[in-house]
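K.L.:
Residue 367 is where the sequence shown ends in our numbering, and the numbering goes up by one at each step. Next up is a structure, given as structure tokens.
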Amino acid sequence: MTAPGLVVVDKPGGITSHGVVSRIRRLAGTRKVGHAGTLDPMATGVLVLGVDRATRLLGHLMLTEKRYDATIRLGVTTTTDDAEGEVVATADASRVAELTADAVREALAAFVGPIDQVPTAVSAIKVDGKRAYQRVRDGEEVELKPRRVTVHDLVVHDVRLGAEVPELTVSVRCSSGTYIRAIARDAGERLGVGGHLTSLRRTAVGPFDLGTSRTLEQLDDEFAIIPIAEAARATFPGVDLDEAEAVDVRVGRRIERELGGLSAVFAPDGEFLALYEPRDQGARPVAVFV
Numbered sequence: 078m079t080a081p082g083l084v085v086v087d088k089p090g091g092i093t094s095h096g097v098v099s100r101i102r103r104l105a106g107t108r109k110v111g112h113a114g115t116l117d118p119m120a121t122g123v124l125v126l127g128v129d130r131a132t133r134l135l136g137h138l139m140l141t142e143k144r145y146d147a148t149i150r151l152g153v154t155t156t157t158d159d160a161e162g163e164v165v166a167t168a169d170a171s172r173v174a175e176l177t178a179d180a181v182r183e184a185l186a187a188f189v190g191p192i193d194q195v196p197t198a199v200s201a202i203k204v205d206g207k208r209a210y211q212r213v214r215d216g217e218e219v220e221l222k223p224r225r226v227t228v229h230d231l232v233v234h235d236v237r238l239g240a241e242v243p244e245l246t247v248s249v250r251c252s253s254g255t256y257i258r259a260i261a262r263d264a265g266e267r268l269g270v271g272g273h274l275t276s277l278r279r280t281a282v283g284p285f286d287l288g289t290s291r292t293l294e295q296l297d298d299e300f301a302i303i304p305i306a307e308a309a310r311a312t313f314p315g316v317d318l319d320e321a322e323a324v325d326v327r328v329g330r331r332i333e334r335e336l337g338g339l340s341a342v343f344a345p346d347g348e349f350l351a352l353y354e355p356r357d358q359g360a361r362p363v364a365v366f367v
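This is the structure:
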């Protein structure tokens with residue numbers, strides 16, 4: 078069986094995140110594989126997976142920021158807020174023709190900063206124990222509550238309004254839990270013409286980006302895994318302990334250390350031991366990995 082660590086996949090379109098997990102389970106020789114944040118089947122790009130003990134890192138990884146490149150089509154609203162849904166409204170052509178690039182950029186600028194975002198109804202969010210997308214597929218009406226998310230940066234690269242299909246391309250750096258589909262939907266609504274996402278590529282999850290990712294075909298040829306200690310150092314501030322502290326950490330005891338925040342702590346030989354956080358005028362464990 079493969080040693081514990083992270084696998085960074087450049088997910089192709091047309092496959093679910095669970096489908097990627099299944100492929101990695103086979104390659105890693107274990108069923109203990111999970112992912113840090115779902116990508117829709119239409120979406121491509123960085124999908125971080127944990128193998129064996131590293132699956133316990135994923136919940137903390139999900140709190141990091143993410144980056145996306147996306148294409149938004151204006152003038153058409155869909156059931157899923159993306160190109161895979163059914164069209165529910167098409168704006169009047171004359172209204173779309175009145176749009177200007179400045180108006181589009183101004184509308185998108187309104188989504189930068191902390192915002193209360195209503196997730197798309199066809200999402201993986203659980204409603205009374207059942208995924209929202211499953212409730213929609215079963216014909217139920219789903220109303221999700223707004224969630225506070227943060228869009229750190231939103232860059233509009235290109236606005237193509239003269240074409241038969243008015244589109245714009247954007248890059249977004251945002252907090253975990255942000256739905257780019259919802260930004261497309263809400264920007265279209267703000268402009269009075271509707272909108273939806275036609276392409277989405279996740280370019281980074283925390284410190285892991287397309288440069289560190291591998292396609293499924295590449296992983297089939299050579300299974301590349303980031304060892305758990307290396308992954309922990311890349312993701313969290315690292316703290317090297319002395320031997321006495323390492324003994325305490327191995328059994329989950331408090332240590333007399335000043336930490337700046339959630340940190341990965343290591344034994345003198347470099348072994349990754351645990352995630353610790355500041356508490357009680359010292360540091361206490363969040364998760365112990367040995």
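Note that the Cβ used here is the ideal one computed from N, Cα and C, for glycine as well. Since this is a predicted model, take the numbers as computed values, not measurements.
1. Would you mind working out which of 190, 195, 338 sits nearest residue 363, comparing C-alpha positions?
2. Give the single residue among 167, 280, 102, 84 whose Cα lies nearest to the Cα of residue 247.
3. For residue 244 versus residue 182, is the C-beta distance shorter than 8 Å?
4. Based on DSSP bridge pairs, tell me the residues matched to residue 166.
5. Which residues does DSSP list as the beta-bridge partners of residue 256?
6. Assuming contact is defined by CB atoms lying nearer than 8 Å, are residue 167 and residue 259 in contact in what I supplied?
7. Considering residue 307, what are the terminal residues of the alpha helix (DSSP H) in which it resides?
8. Which of helix, strand or coil does DSSP assign to residue 244?
9. Taking the beta strand (DSSP E) that residue 128 falls in, what are its first and last residues?
10. In angstroms, rounded to a whole number, what distance separates the CA positions of residue 225 and residue 272?
11. Once you ignore the five residues that flank residue 250 on each side, which residues in its own chain have a CB closer than 7 Å to its CB?
12. Determine whether the beta carbon atoms of residue 264 and residue 188 lie at a separation below 8 Å.
13. Would you kindly work out how many angstroms separate the C-alpha atoms of residue 80 and residue 101, rounded to a whole number?
14. Going by beta-carbon coordinates alone, are residue 99 and residue 116 separated by less than 8 Å?
15. With DSSP run on the structure shown, which of helix, strand or coil describes residue 134?
16. Roughly how many angstroms separate the alpha carbons of residue 136 and residue 160, rounded to a whole number?
17. Name the one or two DSSP bridge partners that residue 143 has.
18. Can at least three beta-carbon pairs, one atom from the segment 324-336 and one from the segment 277-297, be found at a separation below 8 Å?
19. For residue 232, count the other beta carbons within 10 Å of its own beta carbon; 16 or more makes it buried, fewer makes it exposed. Which is it?
20. Just verifying my parser: in three-state terms, what is the DSSP assignment at residue 289?
21. In the DSSP assignment, the alpha helix (DSSP H) including residue 192 goes from what residue to what residue?
22. Quick one: give me the first and last residue of the beta strand (DSSP E) that residue 354 is part of.
23. Considering residue 232, what are the terminal residues of the beta strand (DSSP E) in which it resides?
24. How would you label residue 171, buried or exposed, when you count the other beta carbons within 10 angstroms and need 16 or more for buried?
P.N.:
Reading it off the structure:
1. 338
2. That would be 280, whose Cα lies nearest to the Cα of residue 247.
3. It is not a contact, given that the beta carbons lie outside the stated cut-off.
4. 154
5. Per DSSP, none; premise fails for residue 256.
6. no
7. 305-312
8. strand
9. 121-128
10. 22 Å
11. 142, 144, 229, 230
12. Yes.
13. 13 Å
14. Annotated as distal: residue 99 and residue 116, with beta-carbon spacing of 8 Å or more.
15. helix
16. 29 Å
17. 251, 282
18. No contact exists between the segment 324-336 and the segment 277-297.
19. exposed
20. helix
21. Under the DSSP assignment, residue 192 falls outside any alpha helix (DSSP H), being part of the beta strand (DSSP E) whose first and last residues are 190-194.
22. 349-356
23. Start and end: 224-237.
24. Sixteen is the threshold: since fewer than 16 other Cβ atoms of the shown chains lie within 10 Å of the Cβ of residue 171, the residue is exposed.
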